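Notes to accompany the following structure.
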Amino acid sequence: MHRNILFLLFLLTASLPARAQSSCGCTLEGNVTSKENKESIPGAYVYIKGTNKFAQSDSKGHFRISALCPGSYTLICQMSSFNSVEIPILIKDEENHHENFSLADHDEHLQEVIVSGKKTETSAQLRGSLSKEERAERDGLSLGEMMRGISGVQSLQTGSSISKPVIHGMHSSRVIILNQGVRQEGQQWGSEHAPEIDPFISKNIQVIKGPGGLRYGGDAIGGIIMMEPDALPDTAGISGEIQSIYFTNGRQGVISGVLQGGIKNNNGWGWRIQGTLKDGGNIQTAHYNLANTGIREQNFSATLGYKMNKWSNDVFFSHFHSVIGIYLGSHIGNVNDLEKSIARTRPFPIFTPQEFSRKIDRPNQDVTHSLGKLKSQYQLSNGRAIRTTLAVQNDERLELDVLRAGKNINTLQFLLRTFNGEILLDESNSSQQWKGQFGVNFQLQGNITSGKIVTNPTLTTSLLPNYFQNTFGLFAIERLVKEKYELEVGLRLDEKTIDVHRPKSNYSNIINRQENHYLGISGSLGLKYRWTDKLENHLILARAFRAPSVNELFSYGVHHGAAAFEIGDPSLKGETAYNLSLNTIYAPKNLQIEVGLYNNYIQNFIYLRPMVDKGNAIYFTTVRGAFPAFAYEQINAVFQGIDAQINYQISPKLSVQQKSSIVHAFDASHNFHYLVNIPANRFEYTISYRWMQEKQYVSVGIVQVGEQTRVEPGSDYAVPPKGYQLVQANWGIRLKKIDVGVRISNAFNTAYRDYLNRFRYFTDDQGRNISLRVLYKI
């Protein structure tokens, strides 16, 4: 099958017209300055839309892009805290084209950088993002599934409906998600707790790989996902778009829309409203349906902003609600049936109904998340600014289990309330040589799993106790930009206190209280050096501290969605990670090669280990049924890996791309044994053809995931599944008012199981899925 696929790709490549390379020797250069004070802007990002050609302005604001073919292009210039500029250009044969940019300041700190695989802004932050086409192809998917298109980012799944991002082999509490500049807080510690975010809320989604984002928290050992909005319009007029998507697998329908504008006769005011509806039924594998795997979502957000002279303010509110069915075959009544279910190649017929259904029954998750944010900025002299952000979040999670003996008692409830804020002095756009960011952020949390208030719990049988959790952080980051190099240094101090409340027995008036206190320092040193206009290196040294999460300390019970019994350890210490990363970008004529190497030594790494010793498995039987068991323990771990991406522009219309993600993880405390639940090797190959002045394109690709052989024998409840190859295809066209696209995933309907899917114990992964999307611009 592999040979046939490669042969088809070869024929497609050979049959498409190629343009001679000799004419692609044009050069584009210019300068980027501030419209307000006419000063040069270093570090601005200039790229050609729809290509892999880009440059960053040097210390004098100058940029240069070489090896361009003659033709019509759209040139975009972007820089944090400035409005982006997009202009059409025409490049003629062997012409040196000049184009200058004058950027106007605005109050958004992080703007859109939608260029596949590029690293932007500070040298100590290795970034990746999806291209505009890749993002459009993935619209309607969850955040975890959407981000899987970036090298180094994979997805931890629980069935087909629950997915969360994995960066360099790490996830959950080691990956921070910033939603509209606010740290997203829900029950993200759970492997089956998907982020409570509607991806349609932001078109600008980026990934910081590794512990480089000190401003946002030292505990981001894996990385950070940033979801930032476009700047609000500040003049009268209404614009927007509405998008409809249909997925054949699960017969899922998605509709999302956004409307925005200014206020007539009130310049400086801007507003935006957005909403999404999603409804899907039972998922299909290659050979059978999966009972109770439907999903429903209703999401809404609104923003109001005002900007005048040196002041700017905006208010944001979002509401997210989803009901997700948990595959019925993951909750088994006794150990004997559970072992049989894990051993079977196909689930019991009762869990694979012939008839399609949209009904969501028990077990399921019912999640509601609300976020309110107030952000203000005051512009000081010399390009400096003071920014403040205050936010309130409310996260309510119900996990409804299968009824046993007709009793409605098997319900987990988590109610998490969070108040967080940040005060920042930002010198990123000042004219001084060293540009700094200095600030403080804090977070106050209360979590209720039983009773009505945190200090008066009623049950000892909850998976987690009631608790207060307070964090406080101080940070300082300095950046120096020169023509040949950029240097960044950062330091952060974090304090975290966890105050746990648990009754002596169910409904007892005696409340046992335990307080855990943690203090840690994080730091980073980053150097970006430009050897030539075609070659540059990024070197990063970082130290990161992460305090244990409440679930790692105090879990004891059935983790409903994961279908597992989990046991915490109250004696766990904080993690300290030492990271070394080297990234190389080589971009000669029509070619871009990017390779990233990383080594992460984590002292006191907190590890969720399956309770299996040399093949002897431990199961816990409760009133809810029988479940595999997992225990948190502490080891010294090493994570090593490579991310690579190659883009080659064969002709102005034809291009090929290859992405690789490889990560190895070892237990350095026990003879460097391999860790479980680490991503297998992943490779992607794509060939794309564009025509109609790049308004229409078609692409065919292969996703190849290897078998995870780096697992100790007898260390898990089931051996890793075989590797697999999936074929996918995309077609899209952009018209004046309408965009239309078709995506085919798993085109040959291959039966497979992914190692990072927690339900691989029980069932195959999703079969063929065809999506049709239509976007209308208002």
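One rule links them: number in our numbering = place in the sequence shown (from 1) + 1397. Ideal Cβ placement from N, Cα and C applies to all residues, glycine included. A quick note: this is a predicted structure, and the numbers were derived from the prediction, not measured.
Same chain, Cβ closer than 6 Å to residue i, five either side skipped, listed in chain order
{"i": "Glu1505", "result": "Note that Glu1505 has pLDDT 37, beneath the 50 cutoff, so the model's placement of it is unreliable and the number below is only indicative. Closer than 6 Å at Cβ, skipping near neighbours: Ala1628."}
{"i": "Ser1978", "result": "Gly1607, Ile1937 and Tyr1995"}
{"i": "Ile1639", "result": "Gly1654 and Tyr2173"}
{"i": "Leu1768", "result": "Ser1715 and Gln1790"}
{"i": "Thr1981", "result": "Asn1934 and Val1992"}
{"i": "Leu1701", "result": "Trp1668 and Val1712"}
{"i": "Thr1673", "result": "Asp1595, Phe1597, Ser1653 and Asn1696"}
{"i": "Arg1927", "result": "Lys1881 and Glu1933"}
{"i": "Arg1943", "result": "Asp1616, Ile1618 and Glu1972"}
{"i": "Ser1437", "result": "Thr1430, Lys1457 and Gly1458"}
{"i": "Thr1894", "result": "Asn1867 and His1914"}
{"i": "Gln1681", "result": "Asn1646 and Gly2164"}
{"i": "Lys1970", "result": "Asn2001"}
Rounded Cβ spacing between residue i and residue j (contact assumed at less than 8 Å)
{"i": "Gly1427", "j": "Phe1460", "result": "6 Å"}
{"i": "Asp1763", "j": "Val1720", "result": "5 Å"}
{"i": "Ser1570", "j": "Ser1946", "result": "5 Å"}
{"i": "Ile2084", "j": "Ser2057", "result": "Rounded, the Cβ-Cβ distance is 16 Å, inconsistent with contact."}
{"i": "Val1579", "j": "Gly1620", "result": "Rounded, the Cβ-Cβ distance is 17 Å, inconsistent with contact."}
{"i": "Ala1591", "j": "Ser1560", "result": "6 Å"}
{"i": "Gly1650", "j": "Ala1688", "result": "Not a contact, Cβ separation roughly 21 Å."}
{"i": "Trp1831", "j": "Leu1877", "result": "5 Å"}
{"i": "His1659", "j": "Ala1633", "result": "The sequence as given places Gly at residue 1659; His does not occur at that position. Confirmed, about 5 Å."}
{"i": "Ile1964", "j": "Ala2026", "result": "7 Å"}
{"i": "Ile1670", "j": "Leu1656", "result": "5 Å"}
8 Å Cβ cutoff met for residue i and residue j
{"i": "Glu1534", "j": "Gly2138", "result": "yes"}
{"i": "Asp1711", "j": "Trp1666", "result": "no"}
{"i": "Leu1813", "j": "Glu1796", "result": "no"}
{"i": "Ile1820", "j": "Thr1785", "result": "yes"}
{"i": "Glu1531", "j": "Gly1549", "result": "no"}
{"i": "Leu1465", "j": "Phe1479", "result": "no"}
{"i": "Gln2105", "j": "Ala2077", "result": "yes"}
{"i": "Pro1562", "j": "Leu1540", "result": "yes"}
{"i": "Pro1854", "j": "His1914", "result": "no"}
{"i": "Val1604", "j": "Gly1525", "result": "yes"}
{"i": "Phe1962", "j": "Gly1566", "result": "no"}
{"i": "Gln2055", "j": "Ile2043", "result": "yes"}
{"i": "Leu1888", "j": "Leu1924", "result": "no"}
{"i": "Gln1584", "j": "Phe1811", "result": "yes"}
{"i": "Thr1765", "j": "Glu1582", "result": "no"}
{"i": "Asn1844", "j": "Asn1817", "result": "no"}
{"i": "Leu2051", "j": "Ala2062", "result": "no"}
{"i": "Glu2081", "j": "Val2053", "result": "no"}
Paired residues, beta bridge with residue i - DSSP
{"i": "Glu1875", "result": "Gly1833 and Val1886"}
{"i": "Lys2056", "result": "Gln2042 and Glu2081"}
{"i": "Met1624", "result": "Asn1576 and Ile1602"}
{"i": "Gln2105", "result": "None; Gln2105 has no bridge partner."}
{"i": "Met1567", "result": "Ile1564"}
{"i": "Thr1471", "result": "Pro1485"}
{"i": "Glu1991", "result": "Ile1982 and Gln2042"}
{"i": "Ile2003", "result": "Gln2031"}
{"i": "Phe2156", "result": "The partner list for Phe2156 (beta bridge, DSSP) is empty, contrary to what the question assumes."}
{"i": "Thr2018", "result": "Ala2023"}
{"i": "Pro1900", "result": "Ile1908"}
{"i": "Trp2088", "result": "Gln2093"}
{"i": "Gly1769", "result": "Phe1714 and Val1789"}
{"i": "Arg2131", "result": "Asp2136"}
{"i": "Cys1423", "result": "Leu1465"}
Residues near residue i in its chain [Cβ-Cβ closer than 8 Å; skip 5 each side]
{"i": "Arg1648", "result": "Gly1677, Gly1678, Phe1753 and Arg1755"}
{"i": "Ile1511", "result": "Note that Ile1511 scores a pLDDT of 28, beneath 50, so its modelled location is shaky and nothing firm can be said."}
{"i": "Lys2134", "result": "Tyr2173 and Lys2174"}
Residues near residue i by beta carbon distance below 7 Å, same chain, minus five either side
{"i": "His1495", "result": "Glu1426 and Gly1427"}
{"i": "Tyr2158", "result": "Ile1739, Tyr2114 and Ala2115"}
{"i": "Phe2069", "result": "Phe2063"}
{"i": "Ala1452", "result": "Val1443, Phe1460, Arg1461 and Ile1462"}
{"i": "Pro1746", "result": "none"}
{"i": "Glu1483", "result": "Thr1471 and Ile1473"}
Going along the chain, which unbroken runs of the beta strand (DSSP E) with 3 or more residues stay wholly within the stretch 1655 to 1739?
1666 to 1677, 1692 to 1705 and 1708 to 1722
What residue ranges within the stretch 1909 to 1984 form continuous alpha helix (DSSP H) runs of no fewer than 4 residues, ordered along the chain?
1947 to 1951
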